[in-house]
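Protein chains in written order, with the numbering used here: chain A, 1 to 331; chain B, 332 to 662. Backbone N, C-alpha and C fix where the C-beta goes; we use that ideal spot for every residue, glycine too. Keep in mind that this is a model prediction, so the values were computed, not measured. Here is the structure we will look at, set down as structure tokens.
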């Protein structure tokens, strides 16, 4: 925590909601405002609402301007952290939005930008389950799968800030085709999308047809619905989560063998169904991993939840890692 | 290169040969001596010969004692880098040999210890194909597969110095059993052992029986013999290397997605057959990888070869990474 200014603004730009918050070095959220993104409006209009939100945050809080280190932005998509440009964000429909320059022109603060998984990892590292660790991995399991990796007390960014693509680790070269161009990516086995698809295909093909939680239109299923079904004890739903847990465990064992971490933290919407997955995840790691490496790994669930984005954005000003904001980032 | 003393001694302790060398910061080998390990003699006897070798290196060279930063040891096996103990080295039959203390008592030099793959990576990083890179991966393909990974200008060591187990990344949870406890590890598909086994099983089962390079006893095959057969154009041998290249490419794509490196350097005995593998490796990476990440990765062959161990051992004194020698190491 190298910055002398004790506060920072975190900004989490999502496809549905944009959240801004003023955060201190202890990780307290002093002020927080969320607005709808309405991505169908043009970026300028969205940003105008963001500016007003930041104005309101500053007005509402008692924090003097000169105690704010800067604005740290977390966004999904292809990010150029060096130039602070959102190169392409599918969930926003944005292309080449120079958010660093725009925010820097409007407010007289330094701006930092990183992708959402890295931001969540930073938040866990400073204030969450990775506190005090030199080696930790944050994995978000949602419609896709992403990760932020801290190794030896530094974020893995790679040469273009594009490292940490855990979702696109292939665990089967003959597996299902992934949009990334590879086959058998973890994301195709263990993401929310994969869980829903697994149940869908079994509803269509298998003996479970019409017996699944009252749903007949398999195509409408989401992992959230599968989660509800699992809570009602539906066997098909339970086995879908168990299978996803197995593949996550396989992927996490690979990460353990590469990074030898102290803790792996699981977050993202799908982890709401943690109790259906965690036993299988841990069992798989214990069965498949090298004992010398697995015995000390703690598998935790993120409790920062939706606040990982704003916390991690602000946290960029509280860690000492130039490389995090020096390069091009790719989700 | 933070050490003011311009020379260091590198010591590469292998199961067949032990090599010692005096190396300067430019990577020149000023003196080099190799002796047979004769691991059937007790560690004390082996070390006595090592001491005499180091004496001879010092006598033969014109380097003043006070210009030598220390002795950097590279060894295979389970290494405790912090305590500088070779915990278990299968190729030597050594258990709990406190080589740091022993060498430190005999010679008045600081001693550092790391595993052989990490040492080779350090050598490539300072003087080889990874020169000037902040993100590079060294992979050794031999009877087994190991790696040393530099990310953001630092060696990935993990919490117990046990990271970088590329050989034990599973690319098929239902694949062949590996000694590490996992299934479908890269090592089971692309190591020298795997290449020889692939040809063996096809000789035993397939139509190639008795046609392979004159060999009838499949059980005697090694990847070296397969390499010679490939040079004679044997189809079975060529396809075995091609298949190994495919799986290496799959594993390397995984590494690229995680580490976003500038260069991956391949070394180890099996890479003598590089011309039978490299086209498939590169093709697989290009087909399977995310273009934004693969387009800038250079795949190179190590030209430091057997000298990677002594160079990397000495190189430990020429890089600034405390964590490399702070922790427990596991091959």
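Quiz item: Got a sec: is the Cβ-Cβ distance from residue 460 of chain B to anything in chain A below 8 Å?
Solution: On the second chain, residue 460 of chain B is found 129 positions in, with the first residue counted as 1. For residue 460 of chain B, the answer is no, since every Cβ of chain A falls outside 8 Å of its Cβ.
Quiz prompt | Burial state of residue 288 of chain A (16 or more Cβ within 10 Å) | solution = Taking the first residue of the first chain as 1, we reach residue 288 of chain A at position 288. By the neighbour-count rule (16 or more Cβ atoms within 10 Å), residue 288 of chain A is buried.
Exercise. Would you mind sorting residue 112 of chain A into buried or exposed? The rule is 16 or more other CB atoms within 10 Å of its CB.
Key: Here residue 112 of chain A is taken as the residue at index 112 of the first chain, counted from 1. Buried, because 16 or more other Cβ atoms sit within 10 Å of the Cβ of residue 112 of chain A.
Quiz item: Hey, quick one: how far does the alpha helix (DSSP H) through residue 140 of chain A stretch, first residue to last?
Solution: Residue 140 of chain A sits at position 140 when you count from the first residue of the first chain. Here residue 140 of chain A belongs to no alpha helix (DSSP H); instead the beta strand (DSSP E) covers 136-141.
Quiz item: When you compare each of B/408, B/355, B/365 and B/644 to residue 421 of chain B by their alpha carbons, which one comes out closest?
Solution: For this step, residue 421 of chain B is matched to residue 90 along the second chain. Among B/408, B/355, B/365 and B/644, the Cα nearest to that of residue 421 of chain B belongs to B/408.
Quiz prompt | Rounded separation between residue 366 of chain B and residue 521 of chain B - CA only | solution = For the purposes of this step, residue 366 of chain B is taken as residue 35 along the second chain, with counting starting at 1. For the purposes of this step, residue 521 of chain B is taken as residue 190 along the second chain, with counting starting at 1. Rounded to the nearest angstrom, the two C-alpha atoms are 31 Å apart.
Quiz item: Pick from B/429, B/573, B/494 and B/591: whose alpha carbon is nearest that of residue 161 of chain A?
Solution: By 1-based counting over the first chain, the position of residue 161 of chain A is 161. Minimum Cα distance to residue 161 of chain A is reached at B/591.
Quiz prompt | Through-space distance from residue 610 of chain B to residue 627 of chain B, alpha-carbon basis | solution = Indexing the second chain from 1 puts residue 627 of chain B at position 296. Indexing the second chain from 1 puts residue 610 of chain B at position 279. Between residue 627 of chain B and residue 610 of chain B, the C-alpha separation is close to 17 Å.
Exercise. Check the Cβ of residue 173 of chain A against every Cβ in chain B and list those closer than 7 Å, keeping chain order.
Key: Against the first chain, residue 173 of chain A aligns to sequence position 173. Simply 502 and 581.
Quiz item: For residue 223 of chain A versus residue 265 of chain A, is the C-beta distance shorter than 8 Å?
Solution: By one-based count along the first chain, residue 223 of chain A stands at place 223. By one-based count along the first chain, residue 265 of chain A stands at place 265. No, Cβ-Cβ distance for residue 223 of chain A and residue 265 of chain A is not below 8 Å.
Exercise. Look up residue 422 of chain B in the DSSP assignment and say whether it is helix, strand or coil.
Key: Locating residue 422 of chain B in the second chain gives position 91, counting from the first residue. Residue 422 of chain B falls in the coil class under three-state DSSP.
Quiz item: If you compare alpha carbons, which of B/551, B/560, B/370 and B/630 is closest to residue 594 of chain B?
Solution: As a first step, residue 594 of chain B must be located in the second chain, where it is residue number 263. Residue B/630 is the option with its Cα nearest to residue 594 of chain B.
Quiz prompt | residue 13 of chain A, DSSP secondary structure in three states | solution = By one-based count along the first chain, residue 13 of chain A stands at place 13. The answer is strand: DSSP assigns residue 13 of chain A an E or B state.
Quiz item: How about residue 261 of chain A: is its C-beta nearer than 8 Å to some C-beta of chain B?
Solution: Taking the first residue of the first chain as position 1, residue 261 of chain A is located at position 261. For residue 261 of chain A, the answer is yes, since a Cβ of chain B falls inside 8 Å of its Cβ.
Exercise. Compare the Cα-Cα distances from residue 7 of chain A to each of A/62, A/302 and A/115 and report the closest residue.
Key: If you number the first chain from 1, residue 7 of chain A lands on position 7. Taking only the C-alpha atoms, the option nearest residue 7 of chain A is A/62.
Exercise. Say whether chain B places a C-beta atom closer than 8 Å to the C-beta of residue 134 of chain A.
Key: The residue you call residue 134 of chain A lines up with position 134 of the first chain. By this cut-off, residue 134 of chain A is an interface position.
Quiz item: Buried or exposed: which applies to residue 307 of chain A, given that a residue is buried once 16 or more other Cβ atoms fall within 10 Å of its Cβ?
Solution: As a position in the first chain, residue 307 of chain A is number 307, starting the count at 1. Residue 307 of chain A comes out buried.
Quiz prompt | Every unbroken beta strand (DSSP E) inside the region 222-302 of chain A [3 residues or more] | solution = 263-267 and 298-301
Quiz item: Since residue 501 of chain B contacts residue 286 of chain A with CB under 8 Å, what's their CB separation in whole angstroms?
Solution: Indexing the second chain from 1 puts residue 501 of chain B at position 170. Indexing the first chain from 1 puts residue 286 of chain A at position 286. About 15 Å; that fails the 8 Å criterion.
Practice problem: Taking 8 Å as the threshold, find out whether the region 232-251 of chain A comes into contact with the region 497-511 of chain B through three or more Cβ pairs. | Solution: yes
Exercise. For residue 272 of chain A, collect the residues of the same chain with a Cβ closer than 7 Å to its Cβ; drop the 5 residues on either side in sequence, then sort them by chain order.
Key: Position 272 of the first chain, counted from the first residue, corresponds to residue 272 of chain A. Correct list, in chain order: 227.
Exercise. Please state whether DSSP places residue 415 of chain B in a helix, a strand or coil.
Key: Here residue 415 of chain B corresponds to residue number 84 of the second chain, with the count starting at 1. Reduced to three states, the DSSP call for residue 415 of chain B is coil.
Quiz item: Can you find a C-beta in chain A that's less than 8 Å from the C-beta of residue 663 of chain B?
Solution: This structure cannot speak to residue 663 of chain B, because chain B is shown only from 332 to 662.
Practice problem: Inspect the CB distances between the region 139-150 of chain A and the region 338-349 of chain B and report whether three or more fall short of 8 Å. | Solution: no
Practice problem: Would you mind sorting residue 415 of chain B into buried or exposed? The rule is 16 or more other CB atoms within 10 Å of its CB. | Solution: Along the second chain, one-based indexing puts residue 415 of chain B at 84. It is buried - the Cβ of residue 415 of chain B has at least 16 other Cβ atoms within 10 Å.
Quiz item: With 8 Å set as the bound, which would you pick, yes or no: does the beta-carbon of residue 160 of chain A sit closer than that to a beta-carbon of chain B?
Solution: Numbered from 1 along the first chain, position 160 holds the residue referred to as residue 160 of chain A. Yes, residue 160 of chain A counts as interfacial toward chain B.
Practice problem: Could you give the DSSP three-state label for residue 60 of chain A: helix, strand or coil? | Solution: By 1-based counting over the first chain, the position of residue 60 of chain A is 60. Reduced to three states, the DSSP call for residue 60 of chain A is helix.
Quiz item: Any beta-carbon of chain A closer than 8 Å to the one on residue 623 of chain B?
Solution: Here residue 623 of chain B refers to the residue found at position 292 of the second chain. Yes - at least one Cβ of chain A is within 8 Å of the one on residue 623 of chain B.
Practice problem: Just list the alpha helix (DSSP H) runs in the region 172-211 of chain A, keeping only unbroken ones of 4 residues or longer that don't cross its boundaries, in chain order. | Solution: 187-190 and 192-205
Quiz item: Would residue 86 of chain A count as contacting chain B if we go by Cβ distances under 8 Å?
Solution: Here residue 86 of chain A refers to the residue found at position 86 of the first chain. Cβ-Cβ to chain B under 8 Å: no for residue 86 of chain A.
Quiz prompt | DSSP-derived helix/strand/coil call for residue 30 of chain A | solution = Here the question's residue 30 of chain A lines up with position 30 in the first chain. It is a strand residue.
Practice problem: Pull up the CB-CB distance for residue 128 of chain A and residue 304 of chain A, whole angstroms please, since I reckon it's below 8 Å. | Solution: Stepping through the first chain from its first residue, residue 128 of chain A is reached at position 128. Stepping through the first chain from its first residue, residue 304 of chain A is reached at position 304. With a Cβ gap of about 5 Å, residue 128 of chain A and residue 304 of chain A count as contacting.
Self-check item: Rounded Cβ spacing between residue 192 of chain A and residue 270 of chain A (contact assumed at less than 8 Å)
Solution: For the purposes of this step, residue 192 of chain A is identified with residue 192 of the first chain, where counting begins at 1. For the purposes of this step, residue 270 of chain A is identified with residue 270 of the first chain, where counting begins at 1. Sure, about 5 Å apart at Cβ, within 8 Å.
Exercise. Flag residue 90 of chain A as yes when its Cβ comes closer than 7 Å to any non-hydrogen atom of the ligand NAP, and as no otherwise.
Key: Ligands in the displayed structure: none, and consequently the ligand NAP is not present.
Quiz item: From the beta carbon of residue 481 of chain B, is the nearest beta carbon of chain A less than 8 Å away?
Solution: Position 150 of the second chain, counted from the first residue, corresponds to residue 481 of chain B. So no, residue 481 of chain B is outside the interface.
Practice problem: Starting from the Cα of residue 236 of chain A, find the closest Cα among A/29, A/312 and A/276 and give me that residue. | Solution: Translated into positions along the first chain, residue 236 of chain A becomes position 236. Comparing Cα positions, the closest option is A/276.
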